[in-house]
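These notes concern the structure reproduced below.
In the working numbering, the protein residues as written are 4 to 219.
As structure tokens, then:
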């Protein structure tokens, strides 16, 4: 499983990019609004910071305007992925944009049927929301992710799965075990995956022992 960073915070993106394992950034209007940034300027800035894909979500609600906005966003960079909601208008726009060679990610996916429809409409990525399903006592990984993975494998569908709404390390681990292509995580979750108290304790002991030896 590869990692994308789910944020519009420029400082977090800069720090994560230096780590060298982030292969893209996913954003949405809420994340960009939270940072108080102009939408297109934020996308341009993020594009300059990362080598991989940058996901930008349309704000239009009807298919025609989604297509128009998607084409405009696609002109910002050859790394752009246009995010569309998994509803009638979004799927209609997905088909039109994908036929034009635009890479689309269908987001807000909560069922395997939605993922299948999105894939058949030409989606390059589908983004099932794991955490939000867990919130309503459904199994975001054990049911949704595994069902999508199985359907795609059986039907030889090449659409990639980007697991979203991953709120903790267990969600990330389970997605990796389930064969998810990409997990998109907040910066705090990424740091949590790297840190472990026993690593810190072990390093502290090594350094203490080394200092003791040097003082002899």
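Don't be surprised by glycine CBs; every beta carbon is placed ideally from N, CA and C.
Using a 10 Å radius around the Cβ and a threshold of 16 neighbouring Cβ atoms, would you call residue i buried or exposed?
i           : result
residue 131 : buried
residue 206 : exposed
residue 100 : buried
residue 193 : buried
residue 168 : buried
residue 155 : buried
residue 73  : buried
residue 139 : exposed
residue 198 : exposed
residue 218 : exposed
residue 110 : buried
For a quick check, are the C-beta atoms of residue i and residue j less than 7 Å apart?
i           : j           : result
residue 222 : residue 150 : The first residue shown for the chain is 4 and the last is 219, placing residue 222 beyond what the model contains.
residue 87  : residue 107 : yes
residue 162 : residue 124 : no
residue 172 : residue 196 : yes
residue 8   : residue 25  : yes
residue 11  : residue 53  : no
residue 29  : residue 202 : no
residue 4   : residue 183 : yes
residue 89  : residue 117 : yes
residue 129 : residue 112 : yes
residue 27  : residue 55  : yes
residue 121 : residue 160 : no
residue 190 : residue 51  : no
residue 157 : residue 185 : no
Going by DSSP, what residue range makes up the alpha helix (DSSP H) through residue i?
i           : result
residue 51  : 42-52
residue 10  : Looking at the DSSP string, residue 10 is not in any alpha helix (DSSP H), and its letter there is neither H nor E.
residue 63  : Where residue 63 is concerned, there is no enclosing alpha helix (DSSP H), given that its DSSP letter is neither H nor E.
residue 200 : 200-217
For the beta strand (DSSP E) containing residue i, name the first residue and the last one.
i          : result
residue 38 : It is not in any beta strand (DSSP E) - residue 38 carries neither H nor E in the DSSP assignment.
residue 28 : 25-29
residue 59 : 56-60
Using 6 Å as the cut-off, classify the Cβ of residue i as near or not near the heavy atoms of the ligand ZN, replying yes or no.
i          : result
residue 69 : The ligand ZN is absent from the structure shown, which contains no ligand whatsoever.
field: Stretch pair the region 81-98 + the region 55-63: three plus CB contacts closer than 8 Å
entry: yes
Q: Check whether the region 29-49 touches the region 67-82, taking contact to mean three or more Cβ pairs, one atom from each stretch, closer than 8 Å.
A: yes
- Task: Ignoring anything shorter than 4 residues or poking outside the region 149-187, list the alpha helix (DSSP H) runs there in chain order.
- Result: 149-157 and 172-180
Segments of 4+ residues assigned as alpha helix (DSSP H) that fall wholly inside the region 65-113: Taking only runs of at least 4 residues, the alpha helix (DSSP H) segments lying wholly in the region 65-113 are 66-77 and 91-102.
| Are three or more beta carbon pairs between the region 63-75 and the region 30-41 nearer than 8 Å? | no
- 3-residue-minimum beta strand (DSSP E) runs that sit fully inside the region 109-148, ordered along the chain: 128-131
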